[in-house]
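Worksheet: one structure, shown below.
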Amino acid sequence: MDSSIILFFSLALVIILYISIITRLSRGWCSCTICQSYVDSRWRSRFTNLCDWYTHLLQSSPSQTVHIHVINNVITANPVNVEYILQTRFHNFPKGKPFSSLLADFLGRGIFNADGDTWRFQRKMAGLELARASLRAYALEVVDREIHRRLIPVMDSVSRERGVLDLQDVFRRFSFDCICRFSFGVDPACLELSLPLSDFAASFDVASRLSAERAMAVSPLVWRAKRWLDVGSERQLRRAVADIDALAKEVIRQRRRFGFSGRRDLLSRFMESVSDETYLRDIIVNFLLAGRDTVGSALTSFFWLAARHPEVGAAILEEADRVIGVGNTKITGYEEMRGLHYLRAAVHESMRMYPPVQFDSKFCLEDDVLPNGSPVKKGTRVTYHPYAMGRIEEIWGPDWADFKPERWLRDKLFCQENPYKYPVFQGGVRVCLGKEMALLEVESVALTLLREYRVELIDYCPVPVFSPGLTATYRDGLPVLVHRR
Ligand code: HEM
-5 MDSSIILFFS LALVIILYIS IITRLSRGWC SCTICQSYVD SRWRSRFTNL
45 CDWYTHLLQS SPSQTVHIHV INNVITANPV NVEYILQTRF HNFPKGKPFS
95 SLLADFLGRG IFNADGDTWR FQRKMAGLEL ARASLRAYAL EVVDREIHRR
145 LIPVMDSVSR ERGVLDLQDV FRRFSFDCIC RFSFGVDPAC LELSLPLSDF
195 AASFDVASRL SAERAMAVSP LVWRAKRWLD VGSERQLRRA VADIDALAKE
245 VIRQRRRFGF SGRRDLLSRF MESVSDETYL RDIIVNFLLA GRDTVGSALT
295 SFFWLAARHP EVGAAILEEA DRVIGVGNTK ITGYEEMRGL HYLRAAVHES
345 MRMYPPVQFD SKFCLEDDVL PNGSPVKKGT RVTYHPYAMG RIEEIWGPDW
395 ADFKPERWLR DKLFCQENPY KYPVFQGGVR VCLGKEMALL EVESVALTLL
445 REYRVELIDY CPVPVFSPGL TATYRDGLPV LVHRR
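See the structure below:
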């Protein structure tokens, strides 16, 4: 590009940035201590992660609700408010345009990014498909195969060579392979022994990271201007989305050419009732996003906690030996996994302390009042915060800081918690559709690895440091040593 054009565009960007900062400051200026701490990042002097600062604020609030005026965001950890937002007044708290426009290039009109009729249609179809015995059996087959053909060989190889392994990276590869096969019927083979670089996985990473980073721009005007000019991160995002589109559309065309009626993946199921190529692409990309990083994150935190609490691992193994037999690592079904009550309790307990989706936001359509009395003006962002909710004494008791699977057991049987106290899979009208598959993946991997290996943490930091993003990600990965039992 000609240097005068670049200069012109850069000047235009600086002016847009300047105007947007002035507009934002004049609109949302507030001198309360919380807003000041937010604006000048003073919270960083006491807290490692933003979610830890929010937790502190919510623990200190008598109604477990705070309003950060400068970003017009009401944040709550109060279960009664959460039920009100996710169920009782669901229609007044949609995802909203501000959120969906951030993710529109990447997720299109897919279920994660849609409201109203578009969302309702996909929800109904996906719900029906996921409940079918054939799809559930397919998920089981995909997970079992990935564990035995990929995960175990990688772990064996690292344990033999006594090398350091980033478990977070391994779990992300594992869950990407699984969700791609399940949704698309395509195997990206990310967890092959050589831990190859997959262009598709890399484009997917770039697209989700840069879409999430749009939310951090001083004003939407900034990323919109960069998008219009096709420069910087927006150019990278456009290219990553183009790669994803190309692969998705190629798979759809091939499927149409060679037939899909005998295939068991989700795309083939959807193709029986949807013909629009872009819409099919959106549906699938949304499932990939929903099922990839969440499962990887749940597994990473589980092993971070399990390595510090060997007594929990021992209790899981004792139960598995008693219920499914000594040394058996072949998963035969959902029912069998459901019989492992202590394992299920430990997995739920680790997600209480480290939920893969730490917070989730909606937008208020019309002025409202939350049950705790907090007024919410139209256009306000309203966030419920599962990470903080796992740390509220009124919900979990004075021992909330302890990793204690027993809190989920009554007479040694696993008992589900109220979803508004534990909205790790959201709750209410838009509750996660993949919960069963997620539990199958996390529990199967947890059991297999605990049985076959001893995982030793290398880095003993007291709290994980998270990177900003849609799903909880350990900034420095989870480096471990692996020992065969
Ligand atoms: C431990 C793993 C998982 C966790 C913690 C989790 C959590 C969540 C949460 C919090 C939401 C609400 C997000 C929002 O509305 O912004 C959600 C939605 C969703 N999840 Fe999951 N999820 C997990 C795994 C999965 C898997 C494996 C799949 C696919 C098989 C899946 C499919 C979905 C779908 C389709 C939605 C959208 C539902 C709707 O909007 O109606 N999830 N999940």
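Mapped onto this note's numbering, the consecutive letters of the sequence shown carry residue numbers -5 to 479.
We put the beta carbon where it would ideally sit given N, CA and C, even for glycine.
- Proximity of the region 45 to 60 to the region 376 to 390 meets the contact definition, three or more beta-carbon pairs being nearer than 8 Å.
- The distance from the Cβ of Leu260 to that of Glu123 is about 6 Å, consistent with a contact at the 8 Å cut-off.
- Between the ligand HEM and Gly422, a heavy atom-to-CB distance of less than 7 Å is absent.
- His379 sits in coil when the DSSP states are folded into three classes, being neither helix nor strand.
- For a cut-off of 8 Å, the C-beta gap from Thr27 to Asp287 is around 34 Å, too long to register as a contact.
- Pairwise C-beta distances place the region 80 to 97 in contact with the region 411 to 428, as three or more of them are shorter than 8 Å.
- Here the alpha carbons of Val449 and Leu475 stand approximately 6 Å from one another.
- Per DSSP, Arg83 lies in no alpha helix (DSSP H) segment and is marked neither H nor E.
- By the beta-carbon neighbour count (other beta carbons within 10 angstroms, threshold 16), Asp34 is exposed.
- Taking Ile141 as reference, the option from Leu189, Leu161 and Cys172 with the minimal CA-CA separation is Cys172.
- The C-alpha of Gln162 is placed about 16 Å away from the C-alpha of Val351.
- Following the DSSP letters along the chain, one finds Arg478 inside the beta strand (DSSP E) bounded by residues Pro473 to Arg478.
- Here the alpha carbons of Asp396 and Arg404 stand approximately 18 Å from one another.
- Per the Cβ contact rule, the region 303 to 317 is in contact with the region 327 to 341 (3 or more Cβ pairs under 8 Å).
- By the Cβ-count criterion, Phe168 is buried, with 16 or more other Cβ atoms from all chains shown falling within 10 Å of its own Cβ.
- Minimum Cα-Cα distance from His85 among the listed residues Trp113, Leu101 and Val68 corresponds to Trp113.
- With fewer than 16 other Cβ atoms from the protein chains shown falling within 10 Å of its own Cβ, Pro190 counts as exposed.
- For the 8 Å CB-CB criterion, Ala340 and Val306 form a contact.
- Taking 7 Å as the cut-off, one finds no heavy atom of the ligand HEM near enough to the beta carbon of Ile28.
- Relative to the Cα of Ala201, the nearest Cα in the group Val68, Asp99, Tyr447 and Gly428 belongs to Asp99.
- Per DSSP, reduced to three states, the secondary structure at His335 is helical.
- Nearest to Leu185 by C-alpha distance, out of Ser205, Ser213, Pro147 and Gly179, is Pro147.
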